[in-house]
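These notes are about the structure you will find just below.
Protein chains: 2
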Amino acid sequence: MEDRIENIKKQLHSQSYKLTPQREATVQVLLEHEQDHLSAEDVYLLVKDKAPEIGLATVYRTLELLTELKVVDKINFGDGVSRYDLRKEGAEHFHHHLVCVECGSVTEIEEDLLGDVEKVVESRFEFDVKDHRLTFHGICKNCQNKSE
Amino acid sequence: MEDRIENIKKQLHSQSYKLTPQREATVQVLLEHEQDHLSAEDVYLLVKDKAPEIGLATVYRTLELLTELKVVDKINFGDGVSRYDLRKEGAEHFHHHLVCVECGSVTEIEEDLLGDVEKVVESRFEFDVKDHRLTFHGICKNCQNKSE
DNA sequence: TTAAGTGCAAAGAATTTGCAAGTTG
DNA sequence: CAACTTGCAAATTCTTTGCACTTAA
Chain L
24 MEDRIENIKK QLHSQSYKLT PQREATVQVL LEHEQDHLSA EDVYLLVKDK APEIGLATVY
84 RTLELLTELK VVDKINFGDG VSRYDLRKEG AEHFHHHLVC VECGSVTEIE EDLLGDVEKV
144 VESRFEFDVK DHRLTFHGIC KNCQNKSE
Chain X
24 MEDRIENIKK QLHSQSYKLT PQREATVQVL LEHEQDHLSA EDVYLLVKDK APEIGLATVY
84 RTLELLTELK VVDKINFGDG VSRYDLRKEG AEHFHHHLVC VECGSVTEIE EDLLGDVEKV
144 VESRFEFDVK DHRLTFHGIC KNCQNKSE
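See the structure below:
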């Protein structure tokens, strides 16, 4: 955990960005909520505990910066809000998501299920794949049991 | 083409929605731009040729209705705008997209590449898959040649 | 006839921007 | 110090809503 913060700090410095308390607090919040898919507003409210003076605009600017540095991925599940999802340490690809249409829960899938599919895309469509977004919409285990 | 309009009309009627000239014009625009990924604003401008009095709000309402009827799918490629993509006739699943990060072009992939992946998700995660979204980000054939 | 649909303008929500003041390296 | 950052409020952008009027079935 400490290491990850250190790494991110180094990344900022290496691109001659400054490490402000606001940025540090934002990164901490993201690390502490690794499983969640927080909106900018969510992050804002959580960061306020650590840095009460922070403004929402700064949170937006920081999240944009972290997206650019590939520390987080910006995703959109179809409601009107962008969400920010921490990249796994050393993960080559963005992980996948299962969104339950009943309860709205979001589950992450770590393992790469797209290896073969990507090869097909690369060869058949001559498309040089850099990243992907895969989301399944359906009914989660919990809600399946509920509706029986 | 005629058939598809007829089909969509029937779908509207069967749910006791009315077939207004505005709705008909909107559907026509979508059919005429099947390969595109139009935003509500895009659709609005195009529909105005056929039905000049139409308001943007009506376009939004129509697109929402067509989404509900599964005539179109609402997608979001990460810019702040929702786009509307006509479902292929009889397609069981939503098709996939290749988004070029250089030129912004969007290519559609018809064939279902996710059959096996979906089985894994269903069995391993006990998730009842209803639909999916798969988008690859990368460099299209065209842009690969350009940068050489 | 009448429930459903429309256009317009106003309201809302999410995000971005301008700028003076404050900080980091 | 100088360039980068911040907070605030105002501005934008996309989308939704209220309401009086119109229209398809």
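These protein sequence lines are chains L and X, in that order. Remember, the numbering used here sits 23 above the position in the first sequence when you count from 1. Remember, the numbering used here sits 23 above the position in the second sequence when you count from 1. Backbone N, C-alpha and C define an ideal beta-carbon position, used for all residues, glycine too. Here the structure is a predicted model, which is why all the values come from computation and not from measurement.
For residue 46 of chain X, the enclosing alpha helix (DSSP H) has its first and last residue at 44-55. A direct Cα-to-Cα measurement between residue 144 of chain X and residue 75 of chain X gives close to 47 Å. A buried status is given to residue 31 of chain X, since no fewer than 16 other beta-carbon atoms sit within 10 Å of its beta-carbon. Residue-level contact by beta carbon holds for residue 149 of chain L and chain X, with a gap shorter than 8 Å. Note that the region 158-169 of chain L touches the region 122-132 of chain L; at least 3 beta-carbon pairs, one per stretch, sit closer than 8 Å. Residue 100 of chain L is not a Cβ neighbour of residue 156 of chain L, given a cutoff of 8 Å.
Closest option to residue 166 of chain L, judged by alpha-carbon separation, among X:151, X:57, X:77: X:151.
With contacts defined as CB atoms closer than 8 Å, residue 70 of chain L and residue 86 of chain L fail to qualify as a contacting pair. In terms of Cβ geometry, residue 49 of chain L and residue 94 of chain L do not form a close pair [threshold 8 Å]. For residue 68 of chain L, the three-state secondary structure derived from DSSP is helix. Taking a C-beta distance under 8 Å as the contact criterion, residue 61 of chain L and residue 27 of chain L do not qualify as a contact pair. At a Cβ-Cβ threshold of 8 Å, residue 148 of chain L and residue 130 of chain X count as neighbours. Under the DSSP assignment, residue 163 of chain X falls outside any beta strand (DSSP E); it carries neither an H nor an E label. Listed along chain X, no residue sits closer than 9 Å to residue 106 of chain L by beta-carbon distance, the nearest being about 12 Å off.
Closer than 8 Å to the CB of residue 99 of chain L there is at least one CB belonging to chain X.
Excluding five sequence positions before and after residue 154 of chain L, the CB atoms of its chain that fall closer than 8 Å to its own CB belong to 116, 117, given in chain order.
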